[in-house]
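Colleague: The following block contains the structure, expressed as structure tokens.
Number of protein chains: 2
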Amino acid sequence: MSQEQILQPVDESVGYMLKKASTALRSAMDQALRPLDLTVPQYACLEVLRQRPGLSGAELARAVFVSRQSMNLVLKGLEDRGLLTRPPVSGHGKALPTELTSVGRERLLAASQVLGVVEHKMLAALAPAARRRLCADLASIAAALGDEAGPGGS
Amino acid sequence: MSQEQILQPVDESVGYMLKKASTALRSAMDQALRPLDLTVPQYACLEVLRQRPGLSGAELARAVFVSRQSMNLVLKGLEDRGLLTRPPVSGHGKALPTELTSVGRERLLAASQVLGVVEHKMLAALAPAARRRLCADLASIAAALGDEAGPGGS
DNA sequence: GAGAGTGTGTCAACATGCTGACACGCCCAT
DNA sequence: ATGGGCGTGTCAGCATGTTGACACACTCTC
Chain A
1 MSQEQILQPV
11 DESVGYMLKK
21 ASTALRSAMD
31 QALRPLDLTV
41 PQYACLEVLR
51 QRPGLSGAEL
61 ARAVFVSRQS
71 MNLVLKGLED
81 RGLLTRPPVS
91 GHGKALPTEL
101 TSVGRERLLA
111 ASQVLGVVEH
121 KMLAALAPAA
131 RRRLCADLAS
141 IAAALGDEAG
151 PGGS
Chain B
1001 MSQEQILQPV
1011 DESVGYMLKK
1021 ASTALRSAMD
1031 QALRPLDLTV
1041 PQYACLEVLR
1051 QRPGLSGAEL
1061 ARAVFVSRQS
1071 MNLVLKGLED
1081 RGLLTRPPVS
1091 GHGKALPTEL
1101 TSVGRERLLA
1111 ASQVLGVVEH
1121 KMLAALAPAA
1131 RRRLCADLAS
1141 IAAALGDEAG
1151 PGGS
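And the structure:
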């Protein structure tokens, strides 16, 4: 029942620093993407879609850690702007495979380059080996906490 | 103009894993705190307040990465439940030093123990040295991206 | 062929959080 | 004492995201 390490300052807590780093990255990405009229979820959606074309909205949602509904809004916005296409089926309940348009691919490329700058800035102080180690550690954390994290819908 | 490392799968992107780990942690903490009727921001608020009693709402907001307004709602909720006290001043524009009540300290202790389990689970695969290294790396990332991240209010 | 089971897209309601803007108190320089 | 600058608390409006629920399509089993 001893107080263990409860007294440690928050700056030494992995959880706190994780939140801090994540918030900083999110903010930096948002700022970098603003000139391109893209939000972070929108970019993430495009990026996942490039790597795995034809994905349905629900699968996309799981990959980007949002709910199906939010992803639907994102997709709607991107579709209206001509960055991706979905087969215009009238009925519900049918998977709508989504694909990037050439405009979408182009926009994604621009976004990748802008975000490359951000990532470089973020990792400038870390050697390649340290980066891989960090990535592996983060993966370990995510796995240990149960992979089914995030908003799982219904 | 070469495609550089654009083709790497998302699983090897530090940014992606950072988001994934952060989401997983947030989800796990939320679930762990639910029985105590506390949300993550509420817990964070209590924890910071324990380490630095008498903090004003705005300072608290910066420490927890939320806006003053959100923090105000959090504080209101916690005050109504008797977990903390603020001097009931009528006018605006004056800093209201906040302090934990004994009930608040007690609740915070319970939360710390519950979250200790989560943290242990999260870091089980990492040796102490690796934990410190991870923490330092995350701090490095946050610093490199500019410390003034997060919702900065007006 | 009929049935359950799973996955999907959509609607409504709700919760959370932020941006913008305002009024007020404190502090320092004049 | 008086003015400006800064920090703070609060209000209104809006955007985003989630939970819960429903209708429909596909597949597998009997």
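In order, the protein sequence lines correspond to chains A and B.
Mapping of the first sequence onto our numbering: residues 1 to 154, in sequence order.
Mapping of the second sequence onto our numbering: residues 1001 to 1154, in sequence order.
Where a beta carbon is used, it is the ideal one built from N, C-alpha and C, also for glycine.
Residues of chain B with CB closer than 7 Å to the CB of C135(A), please, in chain order.
Modeller: E1012, V1014, M1017, listed in chain order.
Colleague: Per DSSP, what are the beta-bridge partners of L84(A) in this structure?
Modeller: DSSP output for L84(A) lists L100(A) as bridge partner(s).
Colleague: Spatial neighbours of S2(A) within its chain, please: C-beta separation below 8 Å, excluding the five flanking residues on both sides.
Modeller: Annotation note: pLDDT 38 at S2(A) (below 50); position unreliable, no value reported.
Colleague: Expressed to the nearest angstrom, what Euclidean distance is found between the alpha-carbon atoms of K1020(B) and A142(A)?
Modeller: So the alpha carbons of these two residues sit roughly 6 Å apart.
Colleague: From the DSSP output, in three-state form, read off H120(A) for me.
Modeller: In the structure shown, H120(A) sits in a helix (DSSP, three-state: H, G or I).
Colleague: Please report the residue range of the alpha helix (DSSP H) in which E1012(B) lies.
Modeller: Looking at the DSSP string, E1012(B) is not in any alpha helix (DSSP H), and its letter there is neither H nor E.
Colleague: Beta carbon of A1124(B), beta carbon of A144(A): below 8 Å?
Modeller: In this structure, A144(A) lies closer than 8 Å to A1124(B) by Cβ.
Colleague: If you draw a straight line from the alpha carbon of R107(A) to that of L83(A), how long is it in whole angstroms?
Modeller: Cα-Cα distance, rounded: 8 Å.
Colleague: Taking a contact to mean a Cβ-Cβ separation below 8 Å, would you say P87(A) touches G54(A) in this structure?
Modeller: For P87(A) and G54(A), no; Cβs fall outside 8 Å.
Colleague: Report the residues of the region 1015-1046 of chain B with a CB closer than 7 Å to any CB of chain A, ordered along the chain.
Modeller: So the close ones are G1015, M1017, L1018, K1019, K1020, A1021, S1022, T1023, A1024, L1025, S1027, A1028.
Colleague: By the criterion of Cβ-Cβ separation under 8 Å, what are the contact partners of E1099(B) in chain A?
Modeller: Under the 8 Å cutoff, chain A gives no residues; its nearest Cβ is about 18 Å from E1099(B).
Colleague: Buried or exposed for V14(A), going by 16 or more other Cβ atoms inside 10 Å?
Modeller: Result: buried.
Colleague: Using 8 Å for Cβ pairs, my map puts A1058(B) next to R1068(B). What's the rounded Cβ distance?
Modeller: Right, the Cβ-Cβ distance comes to about 5 Å (below 8 Å), so this counts as a contact.
Colleague: Mapping DSSP to helix, strand and coil, what is K76(A)?
Modeller: Here K76(A) sits in helix by DSSP.
Colleague: When you compare each of M122(A), D80(A), P41(A) to A61(A) by their alpha carbons, which one comes out closest?
Modeller: Closest option to A61(A), Cα to Cα, is P41(A).
Colleague: For R1131(B), go through chain A and note every residue whose CB falls closer than 8 Å to its CB, in chain order.
Modeller: Neighbours of R1131(B) on chain A, chain order: V14.
Colleague: Out of K94(A), G91(A), S70(A), V103(A), state which residue places its alpha-carbon closest to the alpha-carbon of T85(A).
Modeller: Ranking K94(A), G91(A), S70(A), V103(A) by Cα distance to T85(A) puts V103(A) first.
Colleague: Can you grab the Cα-Cα spacing for the pair V10(A) / H92(A), in whole Å?
Modeller: Approximately 48 Å between the Cα atoms of the pair.
Colleague: Is Q94(A) helix, strand or coil by DSSP?
Modeller: Checking the sequence shown, residue 94(A) turns out to be Lys, not Gln. Reduced to three states, the DSSP call for K94(A) is coil.
Colleague: Quick one: is S27(A) buried, meaning 16 or more other Cβ sit within 10 Å of its Cβ, or exposed?
Modeller: The residue in question, S27(A), is buried, as its Cβ has 16 or more Cβ neighbours within 10 Å.
Colleague: Give the straight-line distance between the Cα atoms of T39(A) and K76(A), rounded to the nearest whole angstrom.
Modeller: In a straight line, the C-alpha of T39(A) is about 14 Å away from that of K76(A).
Colleague: Is V1048(B) close to chain A, meaning its C-beta is less than 8 Å from at least one C-beta of that chain?
Modeller: Taking Cβ atoms only, chain A reaches closer than 8 Å to V1048(B), which makes this a yes.
Colleague: Enumerate in chain order the residues of its own chain whose CB-to-CB distance from I1006(B) is below 7 Å, with the five nearest sequence positions on each side excluded.
Modeller: Here I1006(B) scores only 41 on pLDDT, less than 50, and its place in the model is too uncertain to base an answer on.
Colleague: Quick one, which residues of the region 1115-1127 of chain B are near chain A if we go by CB-CB under 9 Å, in chain order?
Modeller: Answer in chain order: L1115, G1116, V1118, E1119, K1121, M1122, L1123, A1124, A1125, L1126.
Colleague: Contact criterion: CB-CB distance below 8 Å. Does G1104(B) meet it with respect to chain A?
Modeller: It does not; no Cβ of chain A falls within 8 Å.
Colleague: Which residue's Cα is closest to the Cα of L1046(B): F1065(B), K1121(B), A1024(B), L1109(B)?
Modeller: That would be L1109(B), whose Cα lies nearest to the Cα of L1046(B).
Colleague: Taking C-beta to C-beta, are A111(A) and L36(A) nearer than 8 Å?
Modeller: It is a contact, given that the beta carbons lie within the stated cut-off.
Colleague: Kindly indicate the opening and closing residues of the alpha helix (DSSP H) around L60(A).
Modeller: Run containing L60(A): 57-64, per the alpha helix (DSSP H) assignment.
Colleague: Could you tell me whether the Cβ of A1058(B) comes closer than 8 Å to any Cβ of chain A?
Modeller: No - not a single Cβ of chain A is within 8 Å of the one on A1058(B).
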